[in-house]
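2 protein chains.
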Amino acid sequence: MQFELTDEFIEQIEQYIANNDGDALKGLLDDFHFADVAELLQELNHEEATYLVKLLDSEITSEALMELDEDFRERILDNLSPSEIADELDEMDTDDAADIIAELDDDIQKQVIDHIEDEEHAADIVDLLRYDEDTAGGLMAKELVRVKETWTVAGCVREMRRQAENVTRVHSIYVTDKHGKLKGRLSLKDLLTAPERAHISDIYIPKVDYVNVHTEAEEVARIMQKYDLEAIPVVDDDGILVGRVTIDDIVDFIREEAEKDYQMAAGISQDVEADDGIFKQTRARLPWLLIGMFGGLGAASIITGFQEMMSTFPKIIIFVPLIQATAGNVGVQSSAIVVQGLANDSLKGNLFARLLKESSLALVNGIAIALVVLIISHFVFFTTYLESISIGIAIITVIVLAALIGTFIPILLDKRGIDPAVATGPFITTSNDIFGILTYFLIAKLILGF
Amino acid sequence: MQFELTDEFIEQIEQYIANNDGDALKGLLDDFHFADVAELLQELNHEEATYLVKLLDSEITSEALMELDEDFRERILDNLSPSEIADELDEMDTDDAADIIAELDDDIQKQVIDHIEDEEHAADIVDLLRYDEDTAGGLMAKELVRVKETWTVAGCVREMRRQAENVTRVHSIYVTDKHGKLKGRLSLKDLLTAPERAHISDIYIPKVDYVNVHTEAEEVARIMQKYDLEAIPVVDDDGILVGRVTIDDIVDFIREEAEKDYQMAAGISQDVEADDGIFKQTRARLPWLLIGMFGGLGAASIITGFQEMMSTFPKIIIFVPLIQATAGNVGVQSSAIVVQGLANDSLKGNLFARLLKESSLALVNGIAIALVVLIISHFVFFTTYLESISIGIAIITVIVLAALIGTFIPILLDKRGIDPAVATGPFITTSNDIFGILTYFLIAKLILGF
Numbered sequence: 261m262q263f264e265l266t267d268e269f270i271e272q273i274e275q276y277i278a279n280n281d282g283d284a285l286k287g288l289l290d291d292f293h294f295a296d297v298a299e300l301l302q303e304l305n306h307e308e309a310t311y312l313v314k315l316l317d318s319e320i321t322s323e324a325l326m327e328l329d330e331d332f333r334e335r336i337l338d339n340l341s342p343s344e345i346a347d348e349l350d351e352m353d354t355d356d357a358a359d360i361i362a363e364l365d366d367d368i369q370k371q372v373i374d375h376i377e378d379e380e381h382a383a384d385i386v387d388l389l390r391y392d393e394d395t396a397g398g399l400m401a402k403e404l405v406r407v408k409e410t411w412t413v414a415g416c417v418r419e420m421r422r423q424a425e426n427v428t429r430v431h432s433i434y435v436t437d438k439h440g441k442l443k444g445r446l447s448l449k450d451l452l453t454a455p456e457r458a459h460i461s462d463i464y465i466p467k468v469d470y471v472n473v474h475t476e477a478e479e480v481a482r483i484m485q486k487y488d489l490e491a492i493p494v495v496d497d498d499g500i501l502v503g504r505v506t507i508d509d510i511v512d513f514i515r516e517e518a519e520k521d522y523q524m525a526a527g528i529s530q531d532v533e534a535d536d537g538i539f540k541q542t543r544a545r546l547p548w549l550l551i552g553m554f555g556g557l558g559a560a561s562i563i564t565g566f567q568e569m570m571s572t573f574p575k576i577i578i579f580v581p582l583i584q585a586t587a588g589n590v591g592v593q594s595s596a597i598v599v600q601g602l603a604n605d606s607l608k609g610n611l612f613a614r615l616l617k618e619s620s621l622a623l624v625n626g627i628a629i630a631l632v633v634l635i636i637s638h639f640v641f642f643t644t645y646l647e648s649i650s651i652g653i654a655i656i657t658v659i660v661l662a663a664l665i666g667t668f669i670p671i672l673l674d675k676r677g678i679d680p681a682v683a684t685g686p687f688i689t690t691s692n693d694i695f696g697i698l699t700y701f702l703i704a705k706l707i708l709g710f
Numbered sequence: 261m262q263f264e265l266t267d268e269f270i271e272q273i274e275q276y277i278a279n280n281d282g283d284a285l286k287g288l289l290d291d292f293h294f295a296d297v298a299e300l301l302q303e304l305n306h307e308e309a310t311y312l313v314k315l316l317d318s319e320i321t322s323e324a325l326m327e328l329d330e331d332f333r334e335r336i337l338d339n340l341s342p343s344e345i346a347d348e349l350d351e352m353d354t355d356d357a358a359d360i361i362a363e364l365d366d367d368i369q370k371q372v373i374d375h376i377e378d379e380e381h382a383a384d385i386v387d388l389l390r391y392d393e394d395t396a397g398g399l400m401a402k403e404l405v406r407v408k409e410t411w412t413v414a415g416c417v418r419e420m421r422r423q424a425e426n427v428t429r430v431h432s433i434y435v436t437d438k439h440g441k442l443k444g445r446l447s448l449k450d451l452l453t454a455p456e457r458a459h460i461s462d463i464y465i466p467k468v469d470y471v472n473v474h475t476e477a478e479e480v481a482r483i484m485q486k487y488d489l490e491a492i493p494v495v496d497d498d499g500i501l502v503g504r505v506t507i508d509d510i511v512d513f514i515r516e517e518a519e520k521d522y523q524m525a526a527g528i529s530q531d532v533e534a535d536d537g538i539f540k541q542t543r544a545r546l547p548w549l550l551i552g553m554f555g556g557l558g559a560a561s562i563i564t565g566f567q568e569m570m571s572t573f574p575k576i577i578i579f580v581p582l583i584q585a586t587a588g589n590v591g592v593q594s595s596a597i598v599v600q601g602l603a604n605d606s607l608k609g610n611l612f613a614r615l616l617k618e619s620s621l622a623l624v625n626g627i628a629i630a631l632v633v634l635i636i637s638h639f640v641f642f643t644t645y646l647e648s649i650s651i652g653i654a655i656i657t658v659i660v661l662a663a664l665i666g667t668f669i670p671i672l673l674d675k676r677g678i679d680p681a682v683a684t685g686p687f688i689t690t691s692n693d694i695f696g697i698l699t700y701f702l703i704a705k706l707i708l709g710f
C-alpha cells in the first residue's frame, strides 16, 4: 500500500504536461488518492500543477488542493478563473471551501461565490466566513446528519439516506427539536440495532457534548481530546445546531499548535517552513536574534563594569561562557517543563510550591555541576582555592536563579493571558545570560573582595 | 457543558471517602463522564483514588484509569487485587487492556489474565502483548467489525448487530475472504444506502489502506494523517486482518511525539512532566547540563589560549557573551527548521541547495546584526576601528557557520537513522558556542594581528 513518488515518475508526468498529453495523464492519475496527487503537485512547479488541477476531476483535485502549502495553493488559484475555482469549491466540504475563499482577494471572493452551482452550498460557505478562524465556528463544517426527535427509526433511515449523500463521514447523528435546537445524539450503531418502529425520542442519548460557535479552537481541541470525541456539534447562542467540528481538523490544529510552540522555543516567531523565502524567514528570525544581541551587549556592559577584576583575577573571566551556557540551558529546561505543563493542564499546586520544587531540583543539579567545575578549574585551569570556591558558589546560585526565572516568567505570562510559549527560547536565554553573568561577578566580588 | 472541578467539590468527595460513605459517593459520581472521573482521581491521593476505583462501576473506572498518568495509575493498581484489576480489564478495549498488563509485574500479569472472565477477550489481550509498543501491532485493538465478501447486505446487518456490541465505535466495516484475508472495506453509510439483497462482494470498496503489524507507529501516524483516516486495518504477514488502529490512539501518539521533540529541543531527555519527582527530573536534565558544562570548559580553554590578547586588546573579551548567544540562537533556529521539515517530510531539494539557502539567510541576518554591533561597539564601548571591524566580520562569519552547523548536523543524523531532534537544544548550542568563540578569536587575531 506504500505509495512512493519516484523521480522517474515525476519526470514522466512533466514530459506529458510539456507535450500537453491530457489523455495519458488522466489514464495515469485518475485512480490516484487525492493525498498522493497533492504530494505530486508539490513536486511540480506551479504552472505544471495548475495544468493538472484544470485537467483532473475536481472531485480529486479539490481535496488535493486542501493538502497543499498555503503559498503554493495560492499561486495555483491565481491561475484559475473564478468559475474554475468555484468548480473546486463545489466539491469541497463547507469548512474547507470557506478556508479557501478566505484566502482569496476580496473582489474575487464575490465572483467565485456567484459561480458556485449549489446555492445552498454557497450560502453555507458565506455563513461560515463570518466566524473567526480560531473559533469553533471557524473550524466547523455545515455538513452533518440531523434528525428530529419525533421521527421513527424507519423514517430516520430514509431521511438519512438522503442527507448522507453530502456528508463524507457520518460520525454521529444529531437529534434536534422541531426548532432545530440540539437535544442529543444517536450513533449509527444505535440506529442499526434499534427496532424499526421505535421513535427517535425513545432511543436517543440526551447527554451530548457540544461547543458554542464562539468557543476558542484551543478549547475545542481540549474538549475533544479529553472526551475522546471524533466529532462535536456546534450550536449558536440560541442553542440551535449549526455545524460540527471533526477530529481531522483538530489533528491538524494540534500539530500546528505543537509546531508553533516548538518554533517559539527555537526563536522563530511566525509559522515558517524550511522552504519559505528568505524574506519571510528573516522576518521570523531576525527579531529574536536582535533580542539575543541586546542581551549580549548588556553582558558586555556588565563585564566592562567589572574591569578591575579582569586585571586582578584574570582567571575569573574565562568561566563567563560556562556561566552563560549553564544559565541559558537551565532556564530553557525549567520554562519548557512549565510551558508544557500549562498547555497540558497538568500543572498542579500553587506557585510557591512549584518554585520551591524547581529550586530544590536546581540545587541538586547545581551542586553536581559546581563540584565538577570546582575540581577542573583548580587542577586544569590552576585557579586559587578562593577563585574555585567563588566559581562553584556562583554556579549553584546562577542555576537556582535561572530555574526560578524560567519557572516564574511563563506562569506570570499565563496568569496575564499571554501565551507562555514566548517565554521559552531566546527570551529566557537572554535574560538568564544577563542575570547569570551579573550574579557571577557579584559573588566573585563578594568572595574575592576586590 | 463545561465541567469545572471546584475545590469545594473535591473536599466534599474527600469527606465522604473519610466517612466511608459509599452511597453518597455513588449518588454523586455515577453520572459522571469517565474523563471527569479521571480528572477528579488525579486531584486525590492514591489511597482515596483507589477507594473510588473499587467503589464505582468498572465501566467508568476502566476508562478513567486509561486517562491517568502512568505513575499514578501504577500506584492505584498496586492496591488492587488481581481479580479487581481483571474486572477493570474486562471492560477495556483490548489495546488499552494490553497496555495496562504490560505495566504490571510479570508474576501479577499471569494472575490477572487468569481472572479475566471473557476468555476470548483474555486471549486477544495476550496476543497483543507480543508486539512492540511502537508498532501498529502495539497500537491496534482487536475489536472491529468484519464481514465476509460472500454475505448479503441483510445478513451482514444481522451479523453486525452482534459484533457491534463489543466495538465502541464502528468506523469502517472490513471485508475479508473466507480465510480472513483483508479484501476491502465498507462504510456504515454504504451499508445504509445499499439494497438489502445485494452481496457484499458487489458493494465493497476493494481499495483499502492498511498497515502490517510490524509497521512503525510513526509511519502509521504519517499514513493516517496523510490520507485523513479515522481507522486503519492491520494485517499480519499473511495478509490476515488482525486488528485496527483508531485515530484517538494516533492523536495521543502525535501529541506525545511533539512533546518529546519539544523537550529534546529544551534539553530534557526523557518523557518527564512538571509533577515528576526530583530524581526522575534530574536524570532527564543533568546530562544535558553536563554537556553544556563541558562546552563551557572548552570555551574556557580557548580563552586561556588567547590570553595575550586579553592584555593587548581588553575590549575584545567583552563581546564573547554576545558571540556565544548569537551563535547559539542561530544554531537553534536553523536546526529547529530542519528538524521540523524532516518530521513533516516537507524538506525538498538536495543538501547543497539547502546549505546554500541557509547561508544566504544567515548572511542577511548576520550583516544586519553586525552593523548594529559595529556602531554600538564603537560609540558606546569605544572600540577602535579595527576592533569594531573585527567584531563585525566575526559576527557575520559566526552566524553563517552556526547556520551551516545547525542545518548540516540534523540532516546528517537523519541520514544515519538517528532521531535528528537530539541535534536541537543544548547539543547544537554547545557546539556552536565553542565554534563561535574560536572563530571570533581567530578572526580578531587575523585582523588585529597580535
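In order, the protein sequences belong to chains A and B.
Using this note's numbering, the first residue of the first sequence is number 261, and each one after it goes up by one.
Using this note's numbering, the first residue of the second sequence is number 261, and each one after it goes up by one.
We treat Cβ as the ideally placed atom computed from N, Cα and C, and that holds for glycine.
Computed from a predicted structure; not experimentally measured.
Asked, Found
"Own chain residues within Cβ distance below 7 Å of T690 (chain B), not counting five before or after", "I551, G552 and G555"
"contact_flag[the segment 331–346 of chain B, the segment 367–387 of chain B] where n(CB pairs < 8 Å) is 3 or more", "yes"
"Contact set between S322 (chain B) and chain A, taken where Cβ atoms lie within less than 9 Å", "By Cβ distance, chain A contributes nothing, its closest Cβ being about 13 Å from S322 (chain B), past 9 Å."
"Separation of S637 (chain B) from L643 (chain B), as counted between CA atoms", "Before going on, a small fix: residue 643 (chain B) reads as Thr here, not Leu. For T643 (chain B) and S637 (chain B), the distance between alpha carbons rounds to 6 Å."
"Beta strand (DSSP E) segment containing G444 (chain B), residue limits", "L442 to S447"
"DSSP three-state assignment for R676 (chain B), whether helix, strand or coil", "coil"
"Nearest residue (CA-CA) to L312 (chain B), options B:L448, B:Q584 and B:E348", "B:E348"
"Boundaries of the beta strand (DSSP E) in which S571 (chain A) is found, first to last residue", "Looking at the DSSP string, S571 (chain A) is not in any beta strand (DSSP E); the run it does join, the alpha helix (DSSP H), is Q567 to T572."
"In DSSP terms, what E476 (chain B) is bridged to", "B:T395"
"Chain B residues whose Cβ lies nearer than 8 Å to that of Q600 (chain A)", "E519, Y522, Q523, E533 and A534"
"Residues of the segment 410–421 of chain A with Cβ closer than 7 Å to any Cβ of chain B, in chain order", "V417, M420 and R421"
"Near-chain A residues of the segment 555–572 of chain B - C-beta to any C-beta below 9 Å", "G555, G556, L557, G558, A559, A560, S561, I562, I563, T564, Q567, M570 and S571"
"Residues near V413 (chain A) by beta carbon distance below 8 Å, same chain, minus five either side", "L451, A454, P455, E456, R457, A458, H459, I460 and I463"
"The alpha helix (DSSP H) enclosing P686 (chain B), as first and last residue numbers", "P686 to L708"
"Contact check, I576 (chain B) vs M569 (chain B), beta carbons under 8 Å", "yes"
"Residue from A:S432, A:I361, A:H439 and A:D496 with nearest C-alpha to L448 (chain A)", "A:S432"
"Inter-stretch contact at 8 Å, needing at least 3 Cβ pairs: the segment 667–675 of chain A / the segment 694–710 of chain A", "no"
"Unbroken alpha helix (DSSP H) run spanning L515 (chain A), endpoints", "Per the sequence shown, the amino acid found at residue 515 (chain A) is Arg instead of Leu. Looking at the DSSP string, the run of the alpha helix (DSSP H) that includes R515 (chain A) is I507 to A525."
"Minimum Cβ-Cβ distance from E490 (chain B) to chain A less than 8 Å", "yes"
"Contact list for the segment 584–600 of chain A against chain B, Cβ threshold 8 Å", "Q584, A585, T586, G588, N589, V590, V592, Q593, S595, A596, I597, V598 and Q600"
"Bridge-paired residues (DSSP) for Y434 (chain B)", "B:R406 and B:R445"
"Distance, Q423 (chain B) Cα to L501 (chain B) Cα", "15 Å"
"Straight-line Cα distance separating K486 (chain B) from T310 (chain A)", "21 Å"
"Option nearest D509 (chain A) by Cα separation, candidates B:E490, B:G503, B:D509 and B:V505", "B:E490"
"The segment 684–701 of chain A / the segment 574–590 of chain A touching (three or more Cβ pairs under 8 Å)", "yes"
"Proximal chain A residues relative to M553 (chain B), where beta-carbon distance stays under 8 Å", "L582, A585, T586, I629, V632 and V633"
"Coil, strand or helix - H375 (chain B) by DSSP", "helix"
"Alpha-carbon spacing of I653 (chain A) relative to G591 (chain B), whole angstroms", "30 Å"
"Short CB-CB distance (under 8 Å) between I277 (chain B) and chain A", "no"
"A534 (chain B) burial status per 10 Å Cβ neighbour count (16 or more: buried)", "buried"
"Cross-chain neighbours of T690 (chain A) in chain B, by beta carbon under 8 Å", "A585"
"In chain order, each alpha helix (DSSP H) run of at least 4 residues that lies wholly inside the segment 581–650 of chain A", "611–639"
"CB contact flag (Y391 (chain B), V495 (chain B), <8 Å)", "no"
"Chain A within 8 Å of I636 (chain B), Cβ atoms only", "yes"
"Contact under 8 Å by Cβ, T683 (chain B) with L673 (chain B)", "According to the sequence shown, residue 683 (chain B) is Ala rather than Thr. Yes, these two residues count as a Cβ contact at 8 Å."
"Residue from A:Y276, A:A295 and A:A278 whose Cα sits closest to the Cα of L265 (chain A)", "A:A295"
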